[in-house]
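The next block holds one structure in the form of structure tokens; read it before the comments.
Below is the structure:
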């Protein structure tokens with residue numbers, strides 16, 4: 009027996025087991041490394057693909073902004089034309105409305121006077137009885 013309390017054969021066996029375990033660990037680490045390298049390659053290719061899309065997307069964004077600006081200018085022009093067409097009509101309607109309102113006020117005044125006259129006549133008639 010050796011000073012560690014086991015035979016040389018047992019030590020050789022332990023050493024062999026350690027070597028096997030080490031080999032298994034090395035193999036596992038190699039597989040992990042291959043997996044990480046593969047993932048890194050796919051991540052890099054995805055990153056490159058996305059980076060290649062940036063100029064195209066930027067151009068599309070700038071084109072959309074230009075189109076919106078153009079549409080805004082068109083809408084402003086259209087709004088001005090509509091206002092030019094509608095303002096005279098609106099003014100005409102407002103004048104007609106004022107006339108109608110003054111006519112309404114005049115008729116209401118006549119109706120009030122007639123109501124007062126009728127009330128006076130009714131009271132006078134009651135007093136005669």
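Numbering (our numbering), first residue to last: 9 to 137. We treat Cβ as the ideally placed atom computed from N, Cα and C, and that holds for glycine.
Asked	Found
Could you tell me the distance, in whole angstroms, from the CA atom of residue 119 to the CA atom of residue 128?	14 Å
Taking the continuous alpha helix (DSSP H) assigned at residue 85, which residues delimit it?	16–136
Rounding to the nearest angstrom, what Cα-Cα distance links residue 40 and residue 53 in this structure?	20 Å
Residues in its own chain within less than 6 Å of residue 58 by CB, not counting five upstream and five downstream?	none
How many Å lie between residue 109 and residue 90 at the Cα?	28 Å
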